[in-house]
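So in UniProt numbering, spot 78 of the sequence shown is number 78, and the numbers just go up one at a time.
Beta carbons: idealized from backbone N, C-alpha and C, even for Gly.
Here the structure is a predicted model, which means the values were calculated and not measured.
Let me begin by presenting the structure, written as structure tokens, before commenting on it.
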Amino acid sequence: MQQTRTLTDKIFLVIKGILMGAANKVPGVSGGMVAFVAGFYEEFIFSLKRINLNSLKLIVNGRFRSLWYYTNAKFLSLLILGMVISYFSVSLLLDYLITHYELYVWAAFFGMILGSIYYISKDFEEWNRRNIGFMLLGVIAGVSISFLEPAAQNDNLWFVFFCGIIGVSGMTLPGLSGSFILILLGNYVLLLVDSVNALYLTIAEVFTWDFSFAQDEERKRLLQVLLVFTLGSLAGLVSLSHILGYLLKHYKNATFAVIIGFITGSLGVVWPWKKAVFRRNEEGIFLFDKTGNRIIDNYDRYLPSFHELSTWIAIFLIITGALLVLWLAWAELKSKKQDA
Numbered sequence: 001m002q003q004t005r006t007l008t009d010k011i012f013l014v015i016k017g018i019l020m021g022a023a024n025k026v027p028g029v030s031g032g033m034v035a036f037v038a039g040f041y042e043e044f045i046f047s048l049k050r051i052n053l054n055s056l057k058l059i060v061n062g063r064f065r066s067l068w069y070y071t072n073a074k075f076l077s078l079l080i081l082g083m084v085i086s087y088f089s090v091s092l093l094l095d096y097l098i099t100h101y102e103l104y105v106w107a108a109f110f111g112m113i114l115g116s117i118y119y120i121s122k123d124f125e126e127w128n129r130r131n132i133g134f135m136l137l138g139v140i141a142g143v144s145i146s147f148l149e150p151a152a153q154n155d156n157l158w159f160v161f162f163c164g165i166i167g168v169s170g171m172t173l174p175g176l177s178g179s180f181i182l183i184l185l186g187n188y189v190l191l192l193v194d195s196v197n198a199l200y201l202t203i204a205e206v207f208t209w210d211f212s213f214a215q216d217e218e219r220k221r222l223l224q225v226l227l228v229f230t231l232g233s234l235a236g237l238v239s240l241s242h243i244l245g246y247l248l249k250h251y252k253n254a255t256f257a258v259i260i261g262f263i264t265g266s267l268g269v270v271w272p273w274k275k276a277v278f279r280r281n282e283e284g285i286f287l288f289d290k291t292g293n294r295i296i297d298n299y300d301r302y303l304p305s306f307h308e309l310s311t312w313i314a315i316f317l318i319i320t321g322a323l324l325v326l327w328l329a330w331a332e333l334k335s336k337k338q339d340a
């Protein structure tokens, strides 16, 4: 499993981790899709699959060097480094851009997904009747998810744990956005906004030797929710990787066909021309999260007007996003040929 990697390979892996982290933050975009398009999806899944009873035995026996090689930890650590960098930089920038330039952000991601579909489909050579059927099932599933109605927020800890298992799906299943799934489950704001902000605030207070949060019941509740969500995410990451590892080993072509279809179906989620539908209470008054932002319930999609300049800018960004993905794939392929 462990591979010899050049410095260029390591830099590319960190960049891929940054892209995965950014993709996971945006509802409708999947970090797993980045792994799939960038060509390291199988290594990613099989590395996660190595987090099992054997790795636990290595830890108990103190065989940490063997554990490092057994789990392909160098590969995973470089990816995680990129995700951490993304979380504290690119993700914050994306939050700002989505708030102020929503149409253009969705357009760029729409184009990137289009480019990804072309890139991963052109080398898939098993287009028989069976695999086309699997692809269509993936398309139907992806489109269906984009039109589901969101549920109400639920902070029951068992449900939060379940949200962690499902929410991490975007890391492992290309085309399935964990962030969008959390919107449908009603817990996007609770788990990715309120609880994360509570953690940031708590860390900042601890650094100033302020432990007053220990008396704040709401803060402690949010930190408990975040802990349970994290445990659920870890459980989901390991369990889903084992399921997908089995499917890739025994039904690789069918699995790839479903993934291609699922990514295609996810285009409905990131359709650029849409307006956010905000959640209201029974009196019709908008509901806000703890940062003062209105809570997104879902999106109403509409067709663009070609008489508006913003439409042409969005189309330009769609083309640019598609070309960017293809250029990155070409640049990495060229780099590998030079290293060889």
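Taking 7 Å as the cut-off, the Cβ atoms of A73 and A314 do not count as close. One Cα belongs to V160, the other to L248, and the distance between them is close to 29 Å. Note that the segment 213-233 touches the segment 187-202; at least 3 beta-carbon pairs, one per stretch, sit closer than 8 Å. V277 carries a strand assignment under DSSP once its states are collapsed to helix, strand and coil. Per DSSP, the continuous alpha helix (DSSP H) segment holding F44 begins and ends at 41-49. Around the Cβ of R50, a 10 Å sphere holds 16 or more other Cβ atoms; the residue is buried.
Within the model, the alpha-carbon separation for T230 versus C163 is close to 10 Å. Inclusion of L244 and I45 in the CB contact set at 7 Å is warranted, their separation being smaller than that value.
Sequence-distant Cβ neighbours of F262 in its own chain, meaning closer than 8 Å and more than five residues away, are G138, V139, A141, G142, L173, P174, G175, L176. Counting along the chain, the unbroken alpha helix (DSSP H) around D9 starts and ends at 7-25. Within the same chain, and ignoring the five residues on either side of L234 in sequence, no residue has its Cβ closer than 7 Å to its Cβ. With respect to N24, G31 sits close: the two C-beta atoms are nearer than 7 Å. The shortest C-alpha to C-alpha distance from M135 to any of V90, F256, G178 is the one to F256. Rounded to the nearest whole angstrom, the CA to CA distance from V14 to G268 is 29 Å. DSSP links D300 through a beta bridge to K275. Cα atoms of L56 and G62: separation of roughly 10 Å, rounded to the nearest angstrom.
Counting only runs of at least 4 residues, the segment 112-191 fully encloses the following alpha helix (DSSP H) elements, listed from N- to C-terminal order: 129-146, 157-167, 169-172, 178-184.
In terms of Cα proximity to K274, the closest of E102, L240, G133 is E102.
Contiguous alpha helix (DSSP H) elements confined to the segment 231-270 occur at 252-265, taking only those with 4 or more residues. Taking L328 as reference, the option from W68, G39, S146, L7 with the minimal CA-CA separation is G39. Minimum Cα-Cα distance from V84 among the listed residues M20, G111, V238 corresponds to M20. In the three-state reduction of the DSSP assignment, Y101 falls in the coil class, being assigned neither a helical nor a strand state. With contacts defined as CB atoms closer than 7 Å, I260 and S146 fail to qualify as a contacting pair.
P272 and R301 have their alpha carbons spaced roughly 8 Å apart. Here L157 has Q224, V225, V228 as same chain residues with Cβ atoms under 8 Å from its own Cβ, once five neighbours each way along the sequence are excluded. Just so you know, the alpha carbons of T208 and A214 end up roughly 14 Å apart.
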